[in-house]
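Q: Just add 420 to wherever you are in the sequence shown, counting from 1, and you've got the numbering used here.
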Amino acid sequence: MTEFLSRGGVRLAYDIASAGDSAMIFVHGWSCDRSYFAPQFEHFAAGHAVAAMDLRGHGDSGQPGPGPGSYDVETLADDALAAAEAAGFTDLVVVGHSLGALIGLACAARPDAIRALVMVDPAPITNEAAKAFFRESFDAINADDDRSWRTAFVSGMFLPTDVARRAAIIQEMPAVSPGIAAALIQAMGEFDGASALGKITVPVLSIGSAVPTNEPADLRSACPAITIGQTVGAGHFNQLEVPGQVNAMIEQFMAISHL
421 MTEFLSRGGV RLAYDIASAG DSAMIFVHGW SCDRSYFAPQ FEHFAAGHAV AAMDLRGHGD
481 SGQPGPGPGS YDVETLADDA LAAAEAAGFT DLVVVGHSLG ALIGLACAAR PDAIRALVMV
541 DPAPITNEAA KAFFRESFDA INADDDRSWR TAFVSGMFLP TDVARRAAII QEMPAVSPGI
601 AAALIQAMGE FDGASALGKI TVPVLSIGSA VPTNEPADLR SACPAITIGQ TVGAGHFNQL
661 EVPGQVNAMI EQFMAISHL
């Protein structure tokens with residue numbers, strides 16, 4: 421069931437299903453939408469209250485202009501927590517992919533905001549070179565009206581063996597407004613994820629792809645209590661390519677964390 425809420429005049433769309441405890445909200449990545457967590461939403465809805473949201477600027481949510489602060493990671497974290505509150509969720513587990521992982525990280529760094537965090541192939545947190553590349557890519561993406569830059573960029577997110585929604589993803593992601601896409605990639609490059617990770621006191625799991633952006637040792641250095649996983653045979657969209665692996669890791673993490 422799709423619901424809508426308004427936060428600061430911005431409409432936010434989210435799907436909900438309720439069948440148990442340990443509420444979970446799934447937060448998609450840069451230039452994606454809530455369907456990118458469909459396998460996890462369906463799987464965990466059998467035993468948990470679940471929600472999957474469209475971030476502002478994506479899917480069925482509103483698209484405010486990319487003004488100052490409109491697409492900062494902290495603003496997006498406010499949106500995610502507002503969607504969870506509107507769904508009536510407490511004791512929240514945030515599951516985020518890529519940009520969504522940074523949003524979850526921002527939530528987890530706030531005292532008593534959430535109960536646990538799952539990051540699925542997170543965007544750069546400790547990888548300073550990748551963060552610098554994101555910041556430096558602002559102008560190219562902002563001017564990418566023909567979508568060529570982003571099409572090439574997205575095409576590089578896959579292993580040669582990846583097949584799940586590959587063609588659709590390469591077509592869909594560059595369709596986001598260039599200004600919004602540019603504001604978001606700049607926000608990812610500017611977000612101090614390492615400091616946020618160091619503030620976390622709730623359980624956290626990071627599930628890297630076959631080619632993770634962040635080195636596990638660097639994540640563990642920032643957060644010694646972190647649980648690290650890595651999928652086999654899947655690129656950046658491992659939650660779609662090998663959902664069985666991702667779902668099993670999340671289930672085990674929740675079990676050992678008593679969630």
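Backbone N, C-alpha and C define an ideal beta-carbon position, used for all residues, glycine too. Remember, it's a predicted structure, so these values are computed and weren't measured experimentally.
1. Can you give the Cα-Cα distance for R567 and I561, rounded to whole angstroms?
2. List the residues that DSSP assigns as beta-bridge partners of A536.
3. Hey, G649 and V662 are a contact pair by Cβ (cut 8 Å); roughly how many whole angstroms apart?
4. Across which residues does DSSP place S626 in a beta bridge pair?
5. I'd like to know if the stretch 464-477 and the stretch 434-442 are in contact, where contact means that at least 3 CB-CB pairs between them fall below 8 Å.
6. Is DSSP giving E370 helix, strand or coil here?
7. Confirm, please, whether the CB-CB distance from L679 to V540 is below 9 Å.
8. Compute the distance between the beta-carbons of A602 and S490, then report whether it is under 9 Å.
9. Kindly indicate which three-state DSSP category R431 falls into: helix, strand or coil?
10. By how many angstroms is the C-alpha of V622 removed from the C-alpha of I443?
11. Consult DSSP for V470 and reduce its assignment to one of helix, strand or coil.
12. Which word fits D690, buried or exposed, when buried means at least 16 other C-beta atoms lie within 10 angstroms of its C-beta?
13. For F611, which three-state DSSP category applies?
14. Looking at the secondary structure, which residues open and close the alpha helix (DSSP H) in which S568 lies?
15. Can you check DSSP and say which residues form a bridge with A437?
16. Check each candidate in G485, C527, L660 and A497 and name the one with the smallest Cα separation from K619.
17. Cβ atoms of K551 and G628: under 9 Å apart, would you say?
18. If you reduce the DSSP assignment to three classes, tell me which class F446 lands in.
19. With 16 as the cutoff for other CB atoms within 10 Å, does A642 come out buried or exposed?
20. How many whole angstroms separate the CB atoms of A543 and S518, which I take to be in contact at a CB cut-off of 8 Å?
21. Consult DSSP for G653 and reduce its assignment to one of helix, strand or coil.
22. Evaluate M577 with the Cβ neighbour count: other Cβ atoms within 10 Å of its Cβ, from every protein chain shown; 16 or more gives buried, anything less gives exposed.
A: Taking the definition as stated:
1. Position 147 of the sequence shown, counting from 1, holds the residue named residue 567. Position 141 of the sequence shown, counting from 1, holds the residue named residue 561. Spanning the two alpha carbons is a distance of roughly 8 Å.
2. Residue 536 sits at position 116 when you count from the first residue of the sequence shown. In DSSP, A536 forms a bridge with V513.
3. By 1-based counting over the sequence shown, the position of residue 649 is 229. By 1-based counting over the sequence shown, the position of residue 662 is 242. That belief does not hold up - the Cβ atoms of G649 and V662 are roughly 12 Å apart, past 8 Å.
4. Translated into the one-based positions of the sequence shown, residue 626 becomes position 206. Note: S626 sits in a beta bridge opposite M539 and I648.
5. yes
6. The question about residue 370 has no answer, for the chain in this structure spans 421 to 679.
7. Mapped onto the sequence shown, residue 540 falls at position 120. Mapped onto the sequence shown, residue 679 falls at position 259. No, Cβ-Cβ distance for V540 and L679 is not below 9 Å.
8. To locate residue 602, count along the sequence shown from 1; it is residue 182. To locate residue 490, count along the sequence shown from 1; it is residue 70. Their beta carbons are not under 9 Å apart, which means A602 does not touch S490 by this criterion.
9. Translated into positions along the sequence shown, residue 431 becomes position 11. Correct three-state label for R431: strand.
10. For the purposes of this step, residue 443 is taken as the residue at position 23 of the sequence shown. For the purposes of this step, residue 622 is taken as the residue at position 202 of the sequence shown. Position check: residue 443 holds Ala in this sequence, whereas Ile was assumed. Rounded to whole angstroms, A443 to V622 spans 15 Å at the Cα level.
11. What you label residue 470 is simply residue 50 of the sequence shown in a count that begins at 1. Strand, per DSSP.
12. Since the first residue of the chain shown is 421 and the last is 679, residue 690 is not available in this structure.
13. One-based indexing of the sequence shown puts residue 611 at position 191. F611: coil per DSSP, three-state reduction.
14. The sequence position of residue 568 within the sequence shown is 148, counting from 1. Looking at the DSSP string, the run of the alpha helix (DSSP H) that includes S568 is S568 to S575.
15. Here the question's residue 437 lines up with position 17 in the sequence shown. DSSP lists V470 as partners of A437.
16. As a position in the sequence shown, residue 619 is number 199, starting the count at 1. When each option's Cα is compared against that of K619, the closest is C527.
17. For this step, residue 628 is matched to residue 208 along the sequence shown. For this step, residue 551 is matched to residue 131 along the sequence shown. It is not a contact, given that the beta carbons lie outside the stated cut-off.
18. Position 26 of the sequence shown, counted from the first residue, corresponds to residue 446. Strand, per DSSP.
19. Your numbering for residue 642 matches position 222 in the sequence shown. Flag for A642 reads buried.
20. For the purposes of this step, residue 543 is taken as residue 123 along the sequence shown, with counting starting at 1. For the purposes of this step, residue 518 is taken as residue 98 along the sequence shown, with counting starting at 1. Yes, they are in contact, since the Cβ atoms of A543 and S518 sit about 5 Å apart, within 8 Å.
21. Start at 1 with the first residue of the sequence shown, and residue 653 comes out as number 233. G653: coil per DSSP, three-state reduction.
22. Translated into the one-based positions of the sequence shown, residue 577 becomes position 157. Looking at its Cβ environment, which holds 16 or more other Cβ atoms inside 10 Å, M577 is buried.
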